[in-house]
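Each remark here refers to the structure printed beneath this line.
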């Protein structure tokens, strides 16, 4: 699950970024409104966390253009403005939830997951393909009755492929969906990641496998009997 964090406080952004990664999220961080608009126009996010006190623009005025670009992406406001008028304005402008600073990190994670479950159906619906069952809201996946023990990135990769079965995904598409802006990748990072995921599916006896189409990309397929 990929989240855009729009926050100009570097220290708070770093703490939030690390906490969310520990809970299985891939996080892209930008510190101003201009970069936020560019990011949302470029990447399909599962949710957006927006601070209102941005250096180049009032975050409240950013909600509407973000909604035009990504109308169904869950949007949570994170700000020090605790006046009821600010909360009402933000929610009326299109925000899904509003959390005042200072906040408890666990509450932020829980609220974020809640608005994602209420949001676009594909993010909260249990996915099933072949013998694999995948529940993004519970961060769980299994082959039949056998749970899969997946890393955060393996989970994100499986989610990506299950949403687009029998569809070729380029290496760039996989990188963009799984890794954040700040992640440094080795040249074979995707190959290593998908090799591990492929082995785990195979070890659990799954009928699904990730086919490497050399020079083209990758496809999640069901083995034929």
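In full-length UniProt numbering, the protein residues as written are 1 to 225.
Using N, Cα and C, we set each Cβ at its ideal position, and we do this for glycine too.
The model shown is predicted, which means the values in this text are computed figures rather than measured ones.
Check, Outcome
"Touching by the beta-carbon criterion (3+ pairs, under 8 Å), the segment 70-81 and the segment 37-53", "yes"
"DSSP state of residue 83 mapped onto helix, strand, coil", "coil"
"Any 3 or more C-beta pairs closer than 8 Å across the segment 57-73 and the segment 185-198", "no"
"Neighbourhood of residue 7 by C-beta distance below 6 Å, restricted to the same chain and skipping five residues each side", "13, 51"
"Identity of the residue in 217, 216, 201 nearest residue 223 by Cα", "201"
"Buried or exposed (CB count within 10 angstroms, at least 16 for buried), residue 213", "exposed"
"Whole-Å CB distance - residue 240 paired with residue 141, under 8 Å assumed", "What is shown of the chain runs 1 to 225, which leaves residue 240 out entirely."
"Test item: CB-CB of residue 1 and residue 156 under 8 Å", "yes"
"Beta-carbon contacts of residue 100 that lie in its chain and below 6 Å, excluding the five residues immediately before and after", "82"
"Residues that residue 209 bridges to, as DSSP identifies them", "221"
"Reduced DSSP category for residue 168 - H, G, I as helix; E, B as strand; rest coil", "coil"
"Host alpha helix (DSSP H) of residue 244 (start-end)", "Summary: the structure shown does not reach residue 244, with the chain confined to residues 1 through 225, and so no result is reported for it."
"Assumed close pair residue 40, residue 19 - CB separation to whole angstroms, cut-off 8 Å", "Actually they are not in contact, since the Cβ atoms of residue 40 and residue 19 sit about 22 Å apart, beyond 8 Å."
"Residue 191 versus residue 137 - alpha carbon distance", "27 Å"
"Beta-carbon proximity check, residue 54 vs residue 80, cutoff 8 Å", "no"
"When 218, 117, 65, 178 are compared against residue 153, the one with the closest alpha-carbon", "178"
"Cβ pair residue 169, residue 209 closer than 8 Å", "no"
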